[in-house]
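*Asks:* Per our numbering, the very first residue in the sequence shown carries number 1309; after that it's consecutive. Don't be surprised by glycine CBs; every beta carbon is placed ideally from N, CA and C. Here it is, the structure in full.
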Amino acid sequence: MTRLDIPTPALLVDVAALDRNISRMARFFATLPCKVRPHFKAHKTPAIARRQLAAGSCTGLTCATVAEAEVVARFCLDVLVANEVVDGDKCARLAKLASAVRLTVAVDSEAGLLQLARAAAAAGVTIGVLVDVNVGQERCGVLPGQPALTLARLVAGAPGLTLRGLMGYEGHLQPMRDRAEREARARAAMALLVDSAELLRQHGLPCEVVSAGGTGTFDISGQVAGVTEIQAGSYALMDSDYGALEMPFEYACSILGTVVSRPAADRCVADCGHKAMTKDHGLPTVKDLPGATVVSLNDEHATITLHGDSAVEIGDRLELRPSHIDPTMNLHDVCYAMDGDRVIDVWPIEGRGYAEHRHGVRL
Ligand SMILES: Cc1ncc(COP(=O)(O)O)c(C=O)c1O
């Protein structure tokens, strides 16, 4: 099967580029005390996660949802859910996973920790906890310092839970274009986290894990003394948003479309709209077609302006670079693993969607 045989729109993965990205990240952490815990939510694809684990320098995998953790626990023995889970049923599902893998979950409230502790006690398991600290993103997380210590004490005293440390995701800094500013602010954010970890230890609490970081800060936060793991995800496949940051990673993902209309000399329309890639981080870019620009995405259409003399014809294939990889992967059932124009495998994106609804809801 070749590129020409793939029904469009479709999501392609350039396997050689993917492997180079994975090995660059693994090599970066190989000699550092800090390691990488690749974020599964960036691709939701077990075949890719297995390559990340095989490359080494990994503490395990990061997940954003319980459904992702259920997929990941089939092949990875150390799973972090770097997100708050407060629903009783979901906590019960986590407790079930904790009987099979070393599971750690982020917590930022007493209510959340009580739900998790209840589920752990009911299942007779122990669930690891990282206290989630707000290091400036202003999303989830307790404040650094005393509030982190207070919640950590509650976790340490809760039956069924074991305090493993802290996490603090500096998500607000990941896309920052200016490298010097990104560096300075990431270091300041990590200082809040590392100081909080020290405060826990001074009060006799365990804090073996200090988890942070993403693709935009892996080499900054990953070199701050005291940070033990980096939750980077997008680096494996990359997107045009991160591409603008001059990262040491290549584009390894594209959306394949077919030109379905050529209504003007300077315009063509392809069959890959925002049901095939998201536009929350801007419009995609066009691969290997100099001077071509995506000017709009509709449900099923990408409208592209061309150089007047462009030889694009109806029926031609073209590829677009998504601007935001995580939600784009979530739109597809499979990705085509490519070696040049040749399809070498088709990888299910098993963690996509909200798997729990697929098997029917109990009424
Ligand atoms: C909690 C958490 N950690 C890490 C990441 C890093 O992901 P990426 O490397 O794709 O920026 C994210 C991304 O949103 C996140 O939400």
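Would the C-beta of residue 1360 count as close to ligand 1, meaning under 7 Å from any of its heavy atoms?
*Replies:* no
*Asks:* Between which two residues does the alpha helix (DSSP H) containing residue 1656 stretch?
*Replies:* Run containing residue 1656: none in the alpha helix (DSSP H); it sits in the beta strand (DSSP E), 1650 to 1656.
*Asks:* Straight-line CA distance for residue 1562 to residue 1610?
*Replies:* So the alpha carbons of these two residues sit roughly 14 Å apart.
*Asks:* Along the chain, which unbroken stretches of the alpha helix (DSSP H) at least 4 residues long are found entirely within the segment 1387 to 1412?
*Replies:* Taken in chain order, the complete alpha helix (DSSP H) segments of 4 residues or longer contained in the segment 1387 to 1412 are 1396 to 1406.
*Asks:* What residues come near ligand 1, if near means a beta carbon less than 5 Å from any of its heavy atoms?
*Replies:* 1347, 1350, 1390, 1477, 1482, 1522, 1523, 1539, 1540, 1541 and 1542
*Asks:* So who's on the other strand from residue 1438, going by DSSP bridges?
*Replies:* For residue 1438, which the question treats as bridged, DSSP gives the partners 1414 and 1473.
*Asks:* Counting Cβ pairs, one atom from each stretch, are 3 or more of them under 8 Å apart for the segment 1473 to 1485 and the segment 1349 to 1358?
*Replies:* no
*Asks:* So, at 8 Å on beta carbons, what are the nonlocal neighbours of residue 1647 in its own chain, with the 5 sequence-adjacent residues on each side left out?
*Replies:* Here the set comprises 1323 and 1324.
*Asks:* Using DSSP's beta-bridge definition, name the partner residues of residue 1644.
*Replies:* Beta-bridge pairing links residue 1644 to 1320 and 1654.
*Asks:* Can you tell me whether residue 1378 is buried or exposed? The criterion is at least 16 other CB atoms within 10 Å of its CB, across all chains shown.
*Replies:* buried
*Asks:* State the Cα-Cα distance for the pair residue 1311 and residue 1452, rounded to the nearest angstrom.
*Replies:* 50 Å
*Asks:* Under three-state DSSP, which class holds residue 1332?
*Replies:* helix
*Asks:* Using 8 Å for Cβ pairs, my map puts residue 1517 next to residue 1472. What's the rounded Cβ distance?
*Replies:* 5 Å
*Asks:* In three-state terms, what does DSSP make of residue 1552?
*Replies:* coil
*Asks:* Going by other Cβ atoms of all chains shown within 10 Å of its Cβ, with 16 needed for buried, is residue 1539 buried or exposed?
*Replies:* buried
*Asks:* Is the beta carbon of residue 1635 sitting closer than 8 Å to the one on residue 1549?
*Replies:* no
*Asks:* Below 6 Å CB to CB, which residues in the same chain sit around residue 1606 once its five sequence neighbours on both sides are set aside?
*Replies:* 1581
*Asks:* Assign residue 1635 to one of three DSSP states: helix, strand, or coil.
*Replies:* helix
*Asks:* Alpha carbon to alpha carbon, what distance is there between residue 1450 and residue 1458?
*Replies:* 10 Å
*Asks:* Which residues in the same chain have their Cβ closer than 7 Å to the Cβ of residue 1583, if we skip the five residues on either side of it in sequence?
*Replies:* 1607, 1608 and 1639
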